[in-house]
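Down below is the structure, laid out as structure tokens.
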Ligand code: C5P
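Numbering (the working numbering), first residue to last: 8 to 241.
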């Protein structure tokens, strides 16, 4: 099963279904990321519609609020039957622990919970000068990841460049979900810390998230298959 997650950054259900129709011939439906644009534009029923088409879903809403609010929101999201969801590690340990509690269903199951360390659009310079966070990007990501692990999260969102430091500190079981992936020679867009799918695999990423390189490709299915092949090294 491919661990390439396609970021479906569209604003409507119709556009999303039109895009997903391209993939119905494949033996396995791609893992799909539903982000803020689509969730806010189409509403929660978009999750059910995509799930009914046989896709795994990463619901990327990056929650960041006081612990009680995050716990209550996660309780609502736990009913949506997504496979993975996330929050900002910057919300702190009590918020992350509250999120786990809210996300856990009465039967004890829950979606994977992943923490955003630093956005892959954030450069080290912006982190130092605008956010006033000192240290190297790798050290900051490792510190946020350690907090996430201590709170009971399953992994972090980070750049593929930071997968090695996260796995070294927290073990291979602790997942790295990595956006900022581009085919060799392609435009970086607004991403700052990019790698190719093959580099992400070599660096130990467990999942890669790719949006525009697939959604804006002339042939999205071919782009997805190429990314899956490079990432899985089949
Ligand atoms: O189009 P592109 O491949 O840059 O899309 C990357 C996706 O991953 C976007 O949906 C973006 O919101 C998401 N993401 C990210 N960096 C993070 C967390 C999520 O780019 N740290």
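Positions of the beta carbon are idealized from the N, C-alpha and C atoms, including for glycine.
Sorting 97, 192, 57 and 122 by C-alpha distance to the C-alpha of residue 67 places 122 at the top.
Taken through DSSP and simplified to helix, strand or coil, residue 91 comes out as strand. By the Cβ criterion, the segment 214 to 223 is in contact with the segment 9 to 24, since at least three pairs of Cβ atoms, one from each stretch, lie closer than 8 Å. In this structure, residue 144 has its CB at a distance of at least 6 Å from all heavy atoms of the ligand C5P. Exposed is the label assigned to residue 192, since fewer than 16 other Cβ atoms lie within 10 Å of its Cβ. For residue 206, the distance from the CB to the nearest heavy atom of the ligand C5P is not below 6 Å. The beta carbon of residue 131 lies closer than 6 Å to those of 144 in the same chain, with the five residues before and after it left out. Around the CB of residue 70, 16 or more other CB atoms lie within 10 Å, so the residue is classed as buried. Counting of Cβ neighbours within 10 angstroms places residue 38 among the buried residues, the total reaching 16 or more.
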